[in-house]
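Student: Numbering (my numbering), first residue to last: 1 to 337.
Ideal Cβ positions, reconstructed from N, Cα and C, are used throughout, including at glycine.
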C-alpha cells in the first residue's frame, strides 16, 4: 500500500493493494461469524482496528472518470465501522475478565485530553458548534448530492444504539466540571474496570434490540439535528487545534505534545459515524459534506505528512473533491479553519 502512494503511476501496486484489502475484509468477516472467545477476541479486535487504519488509505471507490459525481456511499471508511463497535461491546467483558492490553484504552480519552489543554489556553473547545448548527439550519445546505438512499440497515443502526447507550449511561468527564455519577469518581483501577464491565454488559442487553423499552425511548428523543450536533462537539477540539496551527507562526508546545491524542481522535472518529450520521453521509447530505471537509482539512493540517502518509493522502484528496462539490453549488469555500 505504501508503494501505491510512492509510485501512483504503476498500476500493479494499486491492483495488489485492492486485492489485499478485499481478502482482508473477507477473512475478517468470516472470523467474525465464529463464537467470540478469550482465545480469539484480542486478535479480532486488533484486526478490526487495523482494517480501520487501512480504510483510511483505501480510495478505490473514486472513479477514474473525473466527470463522475463524488459518491460517498461507496467509501468504506464510514461503513465498515459498525462491526468494530459491536465487537468492542462483545469483547470488553472478556478483556476485563481475562486481562488485555485493550483495557488500557478505557483509561484514556484523547478528546478529553485535548479539551483540557484548550481550557488551559482559555479557549472554548466547542467554539465551532454554533457555526456548524447555523449551517444545519440554513436552507441552502439542506440538499442531497448523492443517489444513495437513506440507510436503515441494522448493523449501522445497532452500532449507533450501543454508542448512544454508552453516551447516556457513561458520560465523559468534563475538563471543567465532573458529572455525577461518572468514571472520574471511581478511584480504584479494578473497581473502574468492574464498573465498566457491568455498564457495557447492561448496554449490550438493552440497546442491541430496537424493540427494548429503554432503547425505544432513548432513540425517540434523537433527531438528525441532535446527532449532527453531537458529532460536531466531538470533532470541535480537533478543529480548534487545526485553527491554532494554521494561524500561528510559532510552535505551540501544548498542542505539539498532544500529537498522539490528536492522531487517535482523527483515526478513531469514523468509528463513531454510524446510524443517522452514516445515513447523511450515504445520501451525500451537503451539511455532512461540510462536516467531512472540515474533518479532512483538520487531518491535513494536524497529521505529520511522512509518518501518517496513508491518512494524509486521503485528507488532501477528499478535502479537494468535497470543496469542488460545494463550489459547484455556489456554497463558498471559506471554511472555519
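Tell me the DSSP secondary structure of residue 395 in three-state form.
Tutor: The shown model of the chain, from 1 to 337, leaves out residue 395, and the question about it has no answer.
Student: Please name the residue in 99, 82, 241 and 260 whose C-alpha comes closest to that of residue 121.
Tutor: Closest option to residue 121, Cα to Cα, is 241.
Student: Any Cβ of chain D within less than 9 Å of the Cβ of residue 273?
Tutor: Given the protein chain composition of this structure (a single chain), no chain D is represented.
Student: Hey, how far is the Cα of residue 175 from the Cα of residue 235?
Tutor: Note that residue 175 scores 41 on pLDDT, short of 50, meaning its location in the model is unreliable and no value can be drawn from it.
Student: Check this for me: beta carbons of residue 92 and residue 197, under 9 Å apart or not?
Tutor: Result yes, Cβ atoms of residue 92 and residue 197 sit closer than 9 Å.
Student: Roughly how far, in whole angstroms, is the beta-carbon of residue 255 from the beta-carbon of residue 299, given that I think they are within contact range, below 8 Å?
Tutor: Their Cβ separation, rounded to whole angstroms, is 15 Å, which puts residue 255 and residue 299 out of contact at 8 Å.
Student: In the DSSP assignment, what are the bridge partners of residue 144?
Tutor: Bridge partners of residue 144: 285.
Student: What separation, rounded to the nearest whole angstrom, lies between the Cα atoms of residue 9 and residue 305?
Tutor: Each residue's alpha carbon lies about 20 Å from the other.
Student: Grouping DSSP H, G and I as helix and E and B as strand, with all else coil, what is residue 322?
Tutor: DSSP places residue 322 in helix when its eight states are reduced to three.
Student: Where does residue 39 sit, in a helix, a strand or coil, going by DSSP?
Tutor: Three-state result, residue 39: coil.
Student: Quick one: is residue 296 buried, meaning 16 or more other Cβ sit within 10 Å of its Cβ, or exposed?
Tutor: By the neighbour-count rule (16 or more Cβ atoms within 10 Å), residue 296 is buried.
Student: Between the C-alpha atoms of residue 203 and residue 96, what's the straight-line distance to the nearest angstrom?
Tutor: Distance between the alpha carbons of residue 203 and residue 96 is about 16 Å.
Student: Can you check which of these residues, 288, 137 and 260, is closest to residue 109 by C-alpha distance?
Tutor: Taking only the C-alpha atoms, the option nearest residue 109 is 260.
Student: With distances taken Cα to Cα, identify the nearest neighbour of residue 293 among 264, 232 and 107.
Tutor: Of 264, 232 and 107, the residue nearest in Cα terms is 232.
Student: Starting from residue 245, trace the alpha helix (DSSP H) both ways and give me its first and last residue.
Tutor: Its alpha helix (DSSP H) spans residues 224-247.
Student: Is it buried or exposed for residue 190, if we count other Cβ within 10 angstroms and need 16 for buried?
Tutor: Classification for residue 190: exposed.
Student: Taking a contact to mean a Cβ-Cβ separation below 9 Å, would you say residue 36 touches residue 84 in this structure?
Tutor: Their beta carbons are not under 9 Å apart, which means residue 36 does not touch residue 84 by this criterion.
Student: In chain order, what residues of the same chain lie with their CB nearer than 6 Å to the CB of residue 56, ignoring the 5 residues before and after it?
Tutor: Here the set comprises 310, 311 and 314.
Student: How would you call residue 22, buried or exposed, if buried means at least 16 neighbouring beta carbons within 10 angstroms?
Tutor: Exposed is the call here.
Student: Check each candidate in 87, 123, 18 and 239 and name the one with the smallest Cα separation from residue 208.
Tutor: Out of 87, 123, 18 and 239, 87 has the C-alpha closest to the C-alpha of residue 208.
Student: At a cut-off of 8 Å, is residue 298 close to the ligand NAD when judged by its beta-carbon and the heavy atoms of the ligand?
Tutor: The ligand NAD is absent from the structure shown, which contains no ligand whatsoever.
Student: In this structure, does DSSP put residue 9 in helix, strand or coil?
Tutor: Coil.
Student: Alpha carbon to alpha carbon, how far is residue 52 from residue 80? Give it in angstroms, no decimals.
Tutor: One C-alpha to the other measures close to 8 Å.
Student: To test your reading of the DSSP string, which unbroken alpha helix (DSSP H) runs of 4 or more residues are found completely within the region 103-133?
Tutor: Counting whole runs of 4 or more residues, the region 103-133 contains the alpha helix (DSSP H) stretches 110-120.
Student: When the Cβ atoms of the region 267-275 are set against those of the region 128-135, are three or more pairs found closer than 8 Å?
Tutor: No, because fewer than three Cβ pairs between the region 267-275 and the region 128-135 fall closer than 8 Å, the two stretches do not touch.
Student: Can you have a look at residue 16 and say buried or exposed, based on whether 16 or more other CB atoms are within 10 angstroms of its CB?
Tutor: Classification of residue 16: exposed, given that the 10 Å Cβ count is below 16.
Student: Taking all protein chains shown into account, decide if residue 43 is buried (16 or more other Cβ within 10 angstroms of its Cβ) or exposed.
Tutor: Under this definition residue 43 is an exposed residue.
Student: Quick check on the burial criterion: 16 or more other C-beta atoms within 10 angstroms. Buried or exposed for residue 318?
Tutor: Looking at its Cβ environment, which holds 16 or more other Cβ atoms inside 10 Å, residue 318 is buried.
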